[in-house]
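Engineer:
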Amino acid sequence: MGFFEKLKEGLRKSRETFFNHITKILKSRRLDEDTKAEIEELLISADVGVEATEYIIKKLEEKKSEDAFGTLKEVLIEILSKPNGLNIPVEKPFVISMVGVNGSGKTTTCGKLAAMFREEGKQVVIGACDTFRAAAIDQLKVWAERAGATFISHMEGADAAAVAFDAVNHAISKSKDVVILDTAGRLHNKRHLMEELAKINRVIKKVLPNAPHEVLLVIDAVTGQNGLQQAKTFREIVGVTGIVLTKLDGTAKGGIAIAIAKELGIPIKFVGVGEGLEDLKPFNPHDFVEALLAGDDNDNT
Amino acid sequence: MFEGLREKLSNAFRVLSGKGKITEKNIEEAVQIVKTSLLAADVSYKVVKEFVENVKKRALGEEVLKSLTPDQMFIKIVRDELVRLLGEREPLKLVHNPSYVMMVGLQGTGKTTSAAKIANYLKKQGKRPILVAADTYRPAAIDQLEVLGRKIGVPVITGDRRNAIKIVQDAMRQVKDSGYDVVILDTAGRLHVDEEMMQELEEIKKMIRPDEILLTVDAMAGQDAVNSARTFNERLEVTGFVVTKLDGDSRGGVILTIRYITGKPVKFVGVGEKVDDFDEFYPDRIANRILGLGDVLSLIERVERELDQEKLEKMGQKFIRAEFTLEDFREQIKEIKKLGIDKILEALPGASQVDLDTSEKELRKIEAIINSMTPQERNNPEIINASRKRRIAAGSGTTVQDINKLLKSYEEMKKLMKMFKKGKMPFGLKGFRF
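Those protein sequences? They're chains A and B, same order as listed.
Reading the first sequence from the start, the letters are residues 1 to 301 in the working numbering.
Reading the second sequence from the start, the letters are residues 1 to 434 in the working numbering.
(1) Would Lys-35 (chain B) and Met-102 (chain B) qualify as a contact pair, given that the criterion is a beta-carbon distance under 9 Å?
(2) Count the other CB atoms, across all protein chains shown, that sit within 10 Å of the CB of Asp-160 (chain B); report buried if there are 16 or more and exposed otherwise.
(3) Along chain B, which residues have their Cβ under 7 Å away from the Cβ of Glu-41 (chain A)?
(4) Quick check on DSSP: helix, strand or coil for Tyr-100 (chain B)?
(5) Helix, strand or coil: which one does DSSP assign to Phe-288 (chain A)?
(6) How would you write the range of the alpha helix (DSSP H) that Ala-134 (chain B) sits in, first residue to last?
(7) I need the DSSP call for Thr-216 (chain B), collapsed to helix, strand or coil.
(8) Excluding sequence positions up to five away, which residues of its chain have a Cβ less than 6 Å from the Cβ of Ala-144 (chain A)?
(9) Which value, in whole angstroms, describes the spacing of the CA atoms of Met-98 (chain A) and Val-244 (chain A)?
(10) Are Ala-135 (chain A) and Ala-140 (chain B) close, meaning C-beta to C-beta below 9 Å?
(11) What does Val-179 (chain A) pair with, by DSSP beta-bridge criteria?
(12) Let me know if Asn-163 (chain B) comes out buried or exposed under the rule of 16 or more other beta-carbons within 10 Å of its beta-carbon.
(13) Under 7 Å between beta-carbons, which chain A residues line up against Leu-39 (chain B)? List them in chain order, please.
(14) Is it buried or exposed for Ile-88 (chain A), if we count other Cβ within 10 angstroms and need 16 for buried?
(15) Against chain B, with Cβ distances strictly below 9 Å, would Gln-134 (chain A) count as a contact?
(16) Is Asp-186 (chain B) close to chain A? Criterion is C-beta to C-beta, closer than 9 Å.
(17) Whose C-alpha, out of A:Gly-255, A:Thr-223, A:Gly-224, A:Val-222, is nearest the C-alpha of Leu-80 (chain A)?
(18) Which term fits Lys-8 (chain B), buried or exposed, when burial requires 16 or more other beta carbons within 10 angstroms of its beta carbon?
(19) Whole angstroms is fine: what's the gap from Lys-73 (chain A)'s alpha carbon to Ala-219 (chain B)'s?
(20) Using the C-alpha atoms, what's the distance from Asn-227 (chain B) back to Lys-24 (chain A)?
(21) Just how far apart, CA to CA, sit Asp-249 (chain A) and Glu-278 (chain A)?
(22) Please state whether the Cβ-Cβ distance between Ala-270 (chain A) and Pro-282 (chain A) is less than 9 Å.
(23) Strictly under 9 Å for the Cβ-Cβ distance: is Ile-256 (chain A) near chain B by that measure?
(24) Three Cβ pairs or more, each shorter than 8 Å: is that satisfied between the segment 244–257 of chain B and the segment 135–154 of chain B?
(25) Leaving out five residues before and five after Leu-40 (chain A) in sequence, what residues of the same chain have Cβ atoms less than 8 Å from its Cβ?
(26) Could you tell me which residues DSSP pairs with Ile-39 (chain A) in its beta bridges?
(27) Nearest to Ala-211 (chain A) by CA position, among A:Phe-234, A:Ile-180, A:Gln-229, is which residue?
(28) Is there a C-beta anywhere in chain B that falls below 9 Å from the one on His-188 (chain A)?
(29) Taking contact to mean 3 or more Cβ pairs, one atom from each stretch, closer than 8 Å, check whether the segment 77–94 of chain B and the segment 198–212 of chain B are in contact.
(30) Specify, as a first and last residue, the run of the alpha helix (DSSP H) that Pro-375 (chain B) falls within.
(31) Taking the alpha-carbon of Gly-189 (chain B) as reference, which of B:Pro-381, B:Arg-128, B:Met-198 has the nearest alpha-carbon?
(32) Rounded to the nearest angstrom, what separates Ala-129 (chain A) and Glu-200 (chain B) at their Cα positions?
(33) Given a cut-off of 9 Å, decide if Lys-267 (chain B) and Phe-281 (chain B) are closer than it, judged by their beta-carbon atoms.
(34) In chain order, what residues of the same chain have a beta carbon less than 7 Å from the beta carbon of Gly-157 (chain A), not counting five sequence neighbours either side?
(35) Can you give me the C-alpha to C-alpha distance between Lys-106 (chain A) and Pro-93 (chain A), rounded to a whole angstrom?
(36) Can you list, in chain order, the residues of its chain whose CB lies under 7 Å from that of Gly-395 (chain B), leaving out five sequence neighbours each side?
Now the structure itself:
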């Protein structure tokens with residue numbers, strides 16, 4: 001099942017909606033005040049945020065299109081269309097560090113990413129750098145086993161940077177292809193915890209100067225405007241290279257990714273659409289925008 | 001982005017008012033400002049619309065209190081309405097013996113951590129709680145609860161690791177006549193649109209007839225909270241919320257949304273990763289936070305909790321008698337450092353990393369200056385003349401200007417204290433900086 005189908009399926013599950021209701025209204029309308037108000041509500045209800053919404057509506061006004069919603073789609077896709085391929089180095093291992101606030105889905109995404117690389121025939125090492133949360137190591141271990149990845153861990157409470165160091169070293173000595181580091185969830189306003197992340201990066205660089213090649217910020221699609229602040233701070237401290245937008249199989253639209261792409265230019269690289277190993281998909285702006293505008297009628301019933 | 005609500009509102013009214021009354025004309029802009037601010041705080045679009053309509057109705061024609069300007073009056077109306085909607089602080093209602101508390105919510109909202117925090121909270125109140133780990137889906141969720149249970153000294157029932165219903169049945173048997181009076185049940189995170197998983201919760205509810213069904217909600221959640229909170233409430237009739245991750249810097253507008261949509265109270269808030277980082281719900285503080293006015297009250301409380309009480313009392317008395325010296329000032333800086341400036345700034349609206357860095361630098365500088373003074377100078381700063389200033393500057397590696405700045409701030413503070421003493425409360429300590 002494709003990503004868009006899966007999303008639609010999720011929406012279908014939600015209730016016996018007249019699903020095409022909104023899609024119908026969306027077709028060819030001029031950008032009059034009513035339409036503007038409708039677009040505003042649609043975007044804000046999807047967590048796009050006031051600022052980005054104002055920007056988008058201004059863009060629409062400039063384009064003077066006869067088909068407001070068609071143009072809206074174009075504008076959104078344009079904002080989201082950034083090069084989002086992985087920055088894979090010539091020499092292995094390819095080191096990916098997963099970061100994000102608590103509960104965004106880092107550990108699950110690590111498992112799914114590992115499975116994706118395994119599917120491509122790559123040798124994967126997973127490093128359990130979340131040494132803080134109770135049983136986080138056990139949780140990741142289960143995912144590593146499911147995906148068939150080598151698992152490197154220390155004790156709970158150990159130095160996260162030391163685990164990262166070991167994982168990368170192990171990959172180098174055994175010439176593995178990919179290293180995925182699962183870090184502990186942390187709120188971006190906790191300065192000392194953010195410092196710890198920076199330290200992990202510094203330590204990895206000692207063994208592999210260009211690593212980590214990807215720092216993926218995991219953001220829950222449910223996240224509101226705070227997501228922008230998350231992206232800003234994580235980028236400032238560990239140089240985020242891409243976003244993984246998780247839990248898109250619910251009713252949340254993940255519009256905050258649009259604000260992030262517009263404001264910070266960080267590309268979305270993957271989306272999570274379920275709890276299975278295979279439920280991680282490369283990001284496709286077109287599908288994402290379709291799902292975002294397809295709206296359900298939960299609010300109107 | 002939002003620290004300016006007060007300023008923006010005062011501008012809006014300054015342009016059009018001066019009459020001391022809130023009118024149809026001057027209110028539009030103010031309403032727009034509040035609307036934008038609430039949306040930026042993640043209050044649901046529909047809730048915001050209704051909220052500002054209500055505020056408008058209440059504000060129109062209302063006489064501005066003599067002591068307040070129209071913008072202050074408007075903030076007061078908005079704030080009061082917000083506090084009213086956020087509802088009262090409500091305790092857990094545990095009537096049966098044993099009582100069942102059921103934790104439900106989306107994935108990653110903090111059910112397991114909250115379950116342990118509630119157990120810890122009840123234990124401290126003299127209850128005998130026991131935890132049940134019924135999250136059979138997320139890998140190692142049961143281990144996580146076991147670890148937390150050990151940490152707080154509360155037993156955890158695990159049972160058959162594959163079947164949540166069976167775990168609950170086992171737990172019910174084990175708990176009966178065991179002396180444990182509250183059973184806290186951790187369930188798997190699930191999407192509200194997952195029919196099968198929602199049915200599982202309904203089934204568990206039927207079995208245990210819980211006194212409390214608490215929905216955990218992430219304080220960073222956005223607009224979709226309308227859908228999830230409504231569905232969970234429709235399916236399970238939740239009895240209240242636990243709002244988690246409030247130690248972040250999100251404005252927490254979702255709290256207004258879920259209250260408004262379901263009418264159910266917020267029972268607890270999570271403010272950190274440790275089991276003690278758990279608090280009751282104070283609507284007035286949350287109202288300030290949602291409006292971007294800063295959670296200053298919680299900050300004060302935290303400062304009080306962590307500062308040395310005895311020293312604080314002595315300091316307070318000196319404050320009242322306006323005998324506060326630079327020596328005391330130095331003591332205070334030490335205490336602030338102990339508490340962590342980052343923690344203080346976290347709670348203030350609009351504080352950024354830049355503020356943090358400059359504040360730290362400033363404090364270090366002030367400390368160095370005071371350290372370079374003689375005890376006599378510290379206790380009688382008025383004797384510090386030009387040559388003393390030069391000596392202090394050289395000793396502390398600062399400039400005479402820095403010393404002047406410090407002494408001026410100190411004088412201002414003393415004036416303020418005298419006002420306190422006379423019982424005149426200055427409206428806001430605006431403009432005070434060291």
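For each residue, glycine too, the CB sits at the ideal point set by N, CA and C.
Remember, predicted model here, so these are calculated numbers, not experimental data.
Structural biologist: Per the coordinate set shown:
(1) It is not a contact, given that the beta carbons lie outside the stated cut-off.
(2) So Asp-160 (chain B) ends up on the exposed side.
(3) The contacting residues are Tyr-45.
(4) Here Tyr-100 (chain B) sits in strand by DSSP.
(5) DSSP places Phe-288 (chain A) in helix when its eight states are reduced to three.
(6) DSSP places Ala-134 (chain B) outside any alpha helix (DSSP H); the residue lies instead in the beta strand (DSSP E), whose first and last residues are 129–134.
(7) When secondary structure is reduced to three states using DSSP, Thr-216 (chain B) falls in the strand class.
(8) Once the five neighbours on either side are set aside, the close Cβ partners of Ala-144 (chain A) are Ile-126, Phe-151.
(9) Rounded to the nearest angstrom, the two C-alpha atoms are 9 Å apart.
(10) Less than 9 Å separates the beta-carbon of Ala-135 (chain A) from that of Ala-140 (chain B).
(11) According to DSSP, Val-179 (chain A) bridges with A:Val-95, A:Val-125.
(12) The residue is exposed, with fewer than 16 neighbouring Cβ atoms inside 10 Å.
(13) Residues of chain A passing the Cβ test: Ile-44, Val-50.
(14) Classification for Ile-88 (chain A): exposed.
(15) With the sequence shown as reference, residue 134 (chain A) is identified as Ala, and Gln is not the correct amino acid for it. At a cut-off of 9 Å between C-beta atoms, Ala-134 (chain A) counts as an interface residue with respect to chain B.
(16) Among the residues facing chain A, Asp-186 (chain B) is not included, as its CB has no counterpart in that chain under 9 Å away.
(17) Closest option to Leu-80 (chain A), Cα to Cα, is A:Gly-255.
(18) It counts as buried.
(19) Going by the C-alpha atoms only, they are around 30 Å apart.
(20) Summary for Lys-24 (chain A): the model assigns pLDDT 47, below 50, so the residue's position carries little reliability; its value from the coordinates is reported in the next sentence. Rounded to whole angstroms, the gap between the alpha carbons of Lys-24 (chain A) and Asn-227 (chain B) is 22 Å.
(21) In a straight line, the C-alpha of Asp-249 (chain A) is about 13 Å away from that of Glu-278 (chain A).
(22) The residue asked about is misnamed: residue 270 (chain A) is Phe in this sequence, not Ala. A distance below 9 Å separates the beta carbons of Phe-270 (chain A) and Pro-282 (chain A).
(23) Answer yes: the Cβ-Cβ gap between Ile-256 (chain A) and chain B drops below 9 Å somewhere.
(24) Cβ pair count under 8 Å is below three, so no.
(25) The residue asked about is misnamed: residue 40 (chain A) is Glu in this sequence, not Leu. Within the same chain, Glu-40 (chain A) has close Cβ partners Thr-53, Ile-57.
(26) Paired residues: none, contrary to the question.
(27) When A:Phe-234, A:Ile-180, A:Gln-229 are compared, the shortest CA-CA separation from Ala-211 (chain A) is found for A:Ile-180.
(28) Cβ-Cβ to chain B under 9 Å: yes for His-188 (chain A).
(29) Yes: at least three Cβ pairs fall under 8 Å.
(30) That run of the alpha helix (DSSP H) goes 375–379.
(31) When only C-alpha atoms are compared, the closest one is B:Met-198.
(32) For the record, residue 129 (chain A) in the displayed sequence is Cys; it is not Ala. One C-alpha to the other measures close to 34 Å.
(33) Annotated as proximal: Phe-281 (chain B) and Lys-267 (chain B), with beta-carbon spacing under 9 Å.
(34) Around Gly-157 (chain A): Thr-131.
(35) For Lys-106 (chain A) and Pro-93 (chain A), the distance between alpha carbons rounds to 20 Å.
(36) Only Ser-372 meet the Cβ criterion.
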